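Residue numbers (our numbering): 407 to 752.
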Ligand SMILES: [Zn+2]
């Protein structure tokens with residue numbers, strides 16, 4: 407039997423109804439649900455509130471737990487669990503859920519799976535904001551108050567919370583236009599604007615953020631990739647290129663790098679002829695010695711707490727005892743023992 411789940415959102419609440427469509431075509435509701443928006447959800451954009459209502463409806467009638475990072479992504483994943491069609495029904499012909507959402511008591515917050523997941527989600531988003539701020543020479547409070555006093559960001563927040571103009575041409579400000587193009591990925595967390603997973607930096611802190619990105623003269627690509635993980639503002643990509651172009655040190659580093667010709671290792675003729683070894687970044691307090699055979703790509707991974715010469719030699723001995731001695735062992739520079747030390751041990 408076809409099941410119809412309806413959802414609707416008003417400015418302060420969401421409502422849902424589940425009904426059966428009987429063989430004779432009539433629709434019989436079996437259950438209703440509603441709740442008011444939480445303080446955080448009041449800040450959701452219009453599209454997010456609509457999405458929230460849909461998710462509330464689906465998960466309310468079928469208790470499931472949902473986790474992942476991004477709000478809309480998480481909802482999309484939840485919906486993928488169902489075989490469904492979505493139909494848009496205009497408010498006029500959608501009386502029941504609309505009435506429901508208007509009849510909601512304030513404080514209808516239960517400890518449903520969904521609500522718990524929602525709180526976890528907010529924590530995740532706040533964590534993203536805080537992480538971005540930690541990487542910057544400014545405090546969280548500075549970004550919050552900076553966002554409040556930034557005329558463009560203030561307007562963007564207002565658009566996110568209410569509605570965007572119907573077309574970009576209705577917006578005069580070029581920065582606002584850039585935000586308009588990204589409107590689907592904008593949200594508000596803890597009074598700050600978020601673009602995807604990136605914190606939107608108020609104008610007065612952009613120079614500071616740029617200086618930080620430029621630290622160590624990492625070059626355009628590296629600066630952009632770090633920016634893409636943490637921060638955003640209109641024109642950031644161009645400002646990064648301009649910053650690098652006007653920096654003597656960056657161009658010197660780029661020239662040195664471009665002179666390095668990469669030469670690949672010759673292909674080995676048989677297994678275990680040449681092996682490559684290196685330590686992987688420590689993870690949960692353990693280092694990992696990774697040895698890969700160049701011919702078969704066979705990996706040997708040994709976890710260790712110590713990466714001293716004697717510990718490394720012991721690990722190689724164990725690997726060689728099982729696989730035999732290679733003709734060539736290639737190691738990166740670092741804490742590994744020198745070839746001479748290794749040779750003397752073997
Ligand atoms: Zn530079």
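All residues carry an ideal CB built from backbone N, CA and C; glycine is no exception.
As the structure is a prediction and not an experimental result, all values here were calculated from the model.
Task: Distance between residue 409 and residue 430 (C-alpha atoms, nearest Å) - done: C-alpha of residue 430 to C-alpha of residue 409: approximately 14 Å in a straight line.
TODO: Can you tell me which of 608, 704, 673 and 720 puts its alpha carbon nearest to the alpha carbon of residue 711?
DONE: 720
- [ ] Indicate the three-state DSSP secondary structure (helix, strand or coil) for residue 611 in the structure shown.
- [x] helix
TODO: Take the Cβ of residue 672 as the centre, count every other Cβ of all protein chains shown within 10 Å, and call the residue buried at 16 or more, exposed below.
DONE: Exposed is the call here.
TODO: Rank 457, 461, 604 and 613 by C-alpha distance to the C-alpha of residue 631 and give the top, closest one.
DONE: 604
Task: Nearest-angstrom Cα separation, counted from residue 597 out to residue 436 - done: 40 Å
- [ ] May I ask you to report which of helix, strand or coil DSSP gives residue 449?
- [x] Three-state result, residue 449: helix.
Open item on the list: By the three-class DSSP mapping on this structure, what secondary structure does residue 653 have?
Closed with: In the displayed model, residue 653 falls within coil according to three-state DSSP, outside both helix and strand.
- [ ] Look at residue 411 and residue 422 and say whether their C-beta atoms are less than 8 Å apart.
- [x] Yes, these two residues count as a Cβ contact at 8 Å.
Task: Contact under 8 Å by Cβ, residue 694 with residue 707 - done: Yes, these two residues count as a Cβ contact at 8 Å.
TODO: Verify whether the separation of the beta carbon atoms of residue 445 and residue 569 is less than 8 Å.
DONE: no
Open item on the list: Pull the bridge partners of residue 710 from the DSSP assignment, please.
Closed with: 693
Task: Environment of residue 699 [buried if 16+ CB atoms lie within 10 Å] - done: buried
Open item on the list: ligand 1 and residue 656: does any heavy atom of the ligand fall closer than 7 Å to the residue's C-beta?
Closed with: yes
Task: Spatial distance of residue 545 from residue 611 (CA atoms) - done: So the two alpha carbons sit approximately 11 Å from each other.
TODO: Pick helix, strand or coil for residue 604, following the three-state DSSP scheme.
DONE: strand
Open item on the list: Tell me the rounded alpha-carbon separation between residue 654 and residue 635.
Closed with: Looking at the backbone, the Cα of residue 654 and that of residue 635 are separated by about 26 Å.
Task: Those residues which DSSP pairs with residue 774 across a bridge - done: Missing from the structure shown is residue 774; the chain here goes from 407 to 752 and no further.
- [ ] Under 8 Å by Cβ, that's how I've got residue 639 and residue 595 pegged, so tell me the actual separation to the nearest angstrom.
- [x] Not quite, the Cβ-Cβ distance comes to about 17 Å (not below 8 Å), so this is no contact.
- [ ] List the endpoints of the continuous beta strand (DSSP E) containing residue 734.
- [x] 734-737
TODO: Report yes if the CB atom of residue 637 is closer than 8 Å to the CB atom of residue 593, and no otherwise.
DONE: no
Open item on the list: What residue range does the alpha helix (DSSP H) around residue 559 cover?
Closed with: 557-567
Task: CA-to-CA distance, residue 681 to residue 734, given in whole angstroms - done: 6 Å
TODO: Return the residue from the list 602, 601, 660 and 641 that minimises the CA-CA distance to residue 628.
DONE: 660
Task: Whole-angstrom distance between residue 581 and residue 647, CA atom to CA atom - done: 18 Å
Task: Continuous alpha helix (DSSP H) stretch holding residue 582: start and end - done: 580-587
Task: Where the beta strand (DSSP E) containing residue 572 begins and where it ends - done: Looking at the DSSP string, residue 572 is not in any beta strand (DSSP E), and its letter there is neither H nor E.
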